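Asks: Protein sequence lines, in the order shown, are assigned to chains A and B.
Following full-length UniProt numbering, the numbering of the first sequence begins with 1 at its first residue and continues without gaps.
Following full-length UniProt numbering, the numbering of the second sequence begins with 1 at its first residue and continues without gaps.
My structure is below; once you've seen it, I'll send some questions.
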Amino acid sequence: MAYEWDFAFLWVLWPHLLVGLAGTAKLWAVALICGLGIGLVVGIFRTAPSRILRSIGTVYVEAIRNTPGLIQLIWFYYAIPMVTGWQASAWLAAVVSLSIYTGAYSAEIYRAGIASIERGQWEAARAIGFGFGAQMRYIVLPQALMRMIPAFGNRAIELAKATTLASTIAFGELLYTAKVIAEDQMRPLETYTAVTVIFTVILLPVSYGCVWFERRLARRGGVHRD
Amino acid sequence: MTEEVLRIEGLRKAYGLLEVLKGIDLTVHRGETVCLIGASGSGKSTLLRCVNFLGYPTEGRIYLEGRLIGRESGGKMAYRESKLCAVRTHVGMVFQQFNLFPHLTVEENVTIGPIKIRGVPPAVAHEKAAEQLRRVGILDKAKDYPSQLSGGQQQRVAIARALAMEPSIMLFDEATSALDPELVGEVLVAMRKLAEDGTTMLVVTHELGFAYNVAHRVVFLHEGTIYEEGPPQEILVRPRRPRTQDFLRGHTAFRMPEPEMTPAAAVDG
Chain A
1 MAYEWDFAFL WVLWPHLLVG LAGTAKLWAV ALICGLGIGL VVGIFRTAPS
51 RILRSIGTVY VEAIRNTPGL IQLIWFYYAI PMVTGWQASA WLAAVVSLSI
101 YTGAYSAEIY RAGIASIERG QWEAARAIGF GFGAQMRYIV LPQALMRMIP
151 AFGNRAIELA KATTLASTIA FGELLYTAKV IAEDQMRPLE TYTAVTVIFT
201 VILLPVSYGC VWFERRLARR GGVHRD
Chain B
1 MTEEVLRIEG LRKAYGLLEV LKGIDLTVHR GETVCLIGAS GSGKSTLLRC
51 VNFLGYPTEG RIYLEGRLIG RESGGKMAYR ESKLCAVRTH VGMVFQQFNL
101 FPHLTVEENV TIGPIKIRGV PPAVAHEKAA EQLRRVGILD KAKDYPSQLS
151 GGQQQRVAIA RALAMEPSIM LFDEATSALD PELVGEVLVA MRKLAEDGTT
201 MLVVTHELGF AYNVAHRVVF LHEGTIYEEG PPQEILVRPR RPRTQDFLRG
251 HTAFRMPEPE MTPAAAVDG
């Protein structure tokens, strides 16, 4: 009694999947940009001379990295209305929680990237008369960012997969759309297979891009220039 | 040579219980080149790093251009990092490891300080950078990146970068120690040219020939104190005290006659 695969319904319903994919793309892009922004600030906190800033950074990073993303999402979904007084949309809750989630991981990328810059670079910048902020902005970050790009690529892939968590609060991204279709057509195997194929087709090039860039950087001894 | 550029009084520096500098008094006058020599661990580099506050002195006073740096509170000196940034712009530093900024071109390495800190218009900064790069004989590499240069060339760019801030005094921290032997000469020649132009310089070096030929004064450090100082002809040729004599004996254990060279083969800037 072999299972009979039948993908025919997808030829009709694919526009729905496309709408779901658009939701995924929107959530992914916004949370990635916000997460990298949060990560930059927190990453600098983690390397700052001030002990207070370093502690704030550490608490944030450890709290987020050591709790399940799914629980964070659900928590924000219920916490936002309590803080702001109005019911947050699934979209807002998803964006906020995934940004904060990505922020914690990318803060660690920034921290490690900043720490990878030789002491001599900081000292040379200091000796010219640059303060901490200017050392960071003109000397350290421009060098460190290039080294971080492969890690950011991996983070972007992780986030793309994490957007599927938003299906649990009924945000209309790809997995949620697929769930609706699967139940409607009673064809979960085919539908989820399609979702898998879509993710793979989109993320595989990003993945290879990271590897390519990493090799290119290694050849140049970690220094990028144009 | 009467005007004081740098005055160090009773400088002490300790790392925990280890006291590296045990009370240094030293004055450098305008246009003067002072060479600091001594065994490793004698505190030469630590002294230099205290002058531009890459390391904070534990005790003592430092005056730059007659002005006391830091604020006195309860017998100790207190330093504010923001004030020290301003001080460092007046003190040029050349490191053993060059520490050029690898993501910037030679020209950008030299102009970034004046443009970002002094607010010099880029066009003016580039003009002045060209002048400094010409002084150290490396103007033709202005558009190159540091990784494309030899160690000697990189170090000359580092000198130009420090000069571009128009500092009151230039500090050299074993500027030729990391270089291949055949590249040492070009850097020393560039440094001698600066000294002859009247740049005020405090030079930590193991190149005794340079100290002999260029320094106005040689200071021998031993275990964190100034053990002997004076004109190079005295300190390096007729040292009076035993530790200085030992040090020089170690440096001149092997000698050879001067090589005979045609004038064209001699190093020239």
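Yeah, the Cβ is synthetic: ideal placement off N, Cα and C, and Gly gets one too.
Computed from a predicted structure; not experimentally measured.
For Gln148/B, return the contacting residues in chain A, with the cut-off set at a CB-CB distance below 9 Å.
Replies: Those within 9 Å of Gln148/B in chain A number zero; the least Cβ separation is about 10 Å.
Asks: Report the residue from Arg187/A, Ile52/A, Thr196/A and Ile198/A whose alpha carbon sits nearest the alpha carbon of Phe9/A.
Replies: It is Arg187/A.
Asks: Using DSSP bridges, identify the partner residues of Ile24/B.
Replies: For Ile24/B, which the question treats as bridged, DSSP gives the partners Leu11/B.
Asks: Do you know how far the Cα of Arg240/B is from the Cα of Phe247/B?
Replies: Going by the C-alpha atoms only, they are around 12 Å apart.
Asks: Taking all protein chains shown into account, do 16 or more other C-beta atoms lie within 10 angstroms of the C-beta of Val12/A, making it buried, or fewer, making it exposed?
Replies: With fewer than 16 other Cβ atoms within 10 Å, it is exposed.
Asks: Find the residues of chain B that neighbour Arg65/A, judging by a C-beta separation of less than 9 Å, and give them in chain order.
Replies: None at all; the shortest Cβ gap to chain B is about 30 Å.
Asks: Kindly indicate which residue of Leu26/B, Arg61/B, Glu59/B and Gly31/B has the alpha-carbon position closest to the one of Lys44/B.
Replies: Answer by Cα proximity: Leu26/B.
Asks: Looking at chain A, which residues of the stretch 115-132 of chain B have a Cβ within less than 7 Å of any of its Cβ atoms?
Replies: Per Cβ criterion, the list reads Lys116 and Ile117.
Asks: Okay, do the stretch 100-118 of chain A and the stretch 154-168 of chain A touch, 3+ Cβ pairs below 8 Å being the bar?
Replies: The stretch 100-118 of chain A, when compared against the stretch 154-168 of chain A, does touch it at the 8 Å Cβ threshold.
Asks: Among Lys143/B, Leu6/B and Ala215/B, which has the Cα closest to the Cα of Ala130/B?
Replies: Residue Lys143/B is the option with its Cα nearest to Ala130/B.
Asks: With a floor of 3 residues, list each beta strand (DSSP E) that falls wholly inside the stretch 186-245 of chain B, ordered by position along the chain.
Replies: As far as the stretch 186-245 of chain B is concerned, its whole beta strand (DSSP E) runs of at least 3 residues are 201-204, 217-222 and 225-230.
Asks: Does the beta-carbon distance from Val51/B to Leu202/B come in below 8 Å?
Replies: Result yes, Cβ atoms of Val51/B and Leu202/B sit closer than 8 Å.
Asks: So the candidates are Ala194/A, Gly209/A and Trp212/A; which of them puts its Cα closest to the Cα of Leu18/A?
Replies: Selected option, being the one with the closest Cα: Ala194/A.
Asks: Given Phe213/A, which residues of its chain have a CB within under 6 Å of its CB, disregarding the five upstream and five downstream residues?
Replies: Same-chain partners within the cutoff: Ile149 and Pro150.
Asks: Using CA atoms only, rank isn't needed, just tell me which of Arg118/B, Gln153/B and Ile62/B is closest to Val28/B.
Replies: Selected option, being the one with the closest Cα: Ile62/B.
Asks: Along the chain, where does the beta strand (DSSP E) containing Lys179/A start, and where does it finish?
Replies: No beta strand (DSSP E) contains Lys179/A, which is instead part of the alpha helix (DSSP H) from Leu174 to Gln185.
Asks: Taking the Cβ atom as the reference point for each residue, do Thr111/B and Pro122/B lie within a distance shorter than 8 Å?
Replies: In contact: Thr111/B and Pro122/B (Cβ atoms closer than 8 Å).
Asks: Per DSSP, what kind of secondary structure is Asp173/B in: helix, strand or coil?
Replies: Asp173/B falls in the strand class under three-state DSSP.
Asks: Taking 8 Å as the threshold (C-beta atoms), are Phe95/B and Gln121/A in contact?
Replies: For Gln121/A and Phe95/B, no; Cβs fall outside 8 Å.
Asks: Per DSSP, which residues does Thr33/B bridge with? Please list them.
Replies: Note: Thr33/B sits in a beta bridge opposite Met201/B.
Asks: Looking at the unbroken alpha helix (DSSP H) that takes in Val120/B, where does it start and where does it end?
Replies: Looking at the DSSP string, Val120/B is not in any alpha helix (DSSP H), and its letter there is neither H nor E.
Asks: What's the gap between the Cα of Gln132/B and the Cα of Thr2/B?
Replies: Between Gln132/B and Thr2/B, the C-alpha separation is close to 26 Å.
Asks: Please compile the residues from chain B whose C-beta is within a distance smaller than 7 Å of the C-beta of Arg126/A.
Replies: Going along chain B in sequence order, the residues near Arg126/A (Cβ under 7 Å) are Leu54 and Arg88.
Asks: Grab me the residues of His224/A's own chain with a C-beta within less than 7 Å of its C-beta, minus the 5 sequence neighbours each way, in chain order.
Replies: Note that His224/A scores a pLDDT of 49, beneath 50, so its modelled location is shaky; the value from the coordinates is reported in the next line. Closer than 7 Å at Cβ, skipping near neighbours: Met146 and Leu217.
Asks: Closest Cβ-Cβ distance between Gln245/B and chain A: below 8 Å?
Replies: No, Gln245/B lies away from the interface with chain A (no Cβ there is under 8 Å from its Cβ).
Asks: When DSSP labels each residue in this structure, what does His224/A get in the three-state scheme?
Replies: Unreliable positioning characterises His224/A in this predicted model, as indicated by a pLDDT of 49, which lies under 50. The coordinate reading is nonetheless provided below. Residue state, collapsed to three classes: coil.
Asks: Between which two residues does the alpha helix (DSSP H) carrying Met146/A extend?
Replies: Per DSSP, Met146/A belongs to the alpha helix (DSSP H) from Leu141 to Ala162.
Asks: Bridge partners of Ala78/B, per DSSP?
Replies: Bridge partners of Ala78/B: Arg71/B.
Asks: Answer yes or no: do Gln154/B and Phe98/B have a C-beta to C-beta separation smaller than 8 Å?
Replies: Yes, Cβ-Cβ distance for Gln154/B and Phe98/B is below 8 Å.
Asks: With a threshold of 8 Å between beta-carbons, can Cys85/B be considered close to chain A, or not?
Replies: Yes, Cys85/B counts as interfacial toward chain A.
Asks: Please classify Ser97/A as buried or exposed, where buried requires at least 16 other C-beta atoms within 10 Å of its C-beta.
Replies: Burial call: buried.
Asks: With distance defined between alpha-carbon atoms, name the residue in Asp197/B, Arg67/B, Arg238/B and Glu174/B nearest to Glu207/B.
Replies: Of the listed residues, the one whose Cα sits closest to Glu207/B is Glu174/B.
Asks: If you pair each beta-carbon of the stretch 106-120 of chain A with each one of the stretch 137-145 of chain A, do three or more pairs fall below 8 Å?
Replies: The answer is yes - the stretch 137-145 of chain A touches the stretch 106-120 of chain A, with three or more Cβ pairs under 8 Å.
Asks: Is Gly60/B a contact residue of the ligand MN, with contact defined as CB to any heavy atom under 7 Å?
Replies: Only the bare structure without any ligand can be found here, which leaves the ligand MN out of the picture.
Asks: So which of Trp14/A, Val95/A, Phe45/A and Phe76/A has the shortest CA-CA distance to Lys26/A?
Replies: The option with the nearest alpha carbon to Lys26/A is Val95/A.
Asks: Can you tell me which of Ala127/A, Gly113/A and Glu108/A puts its alpha carbon nearest to the alpha carbon of Pro114/B?
Replies: For Pro114/B, the nearest C-alpha among the options comes from Ala127/A.
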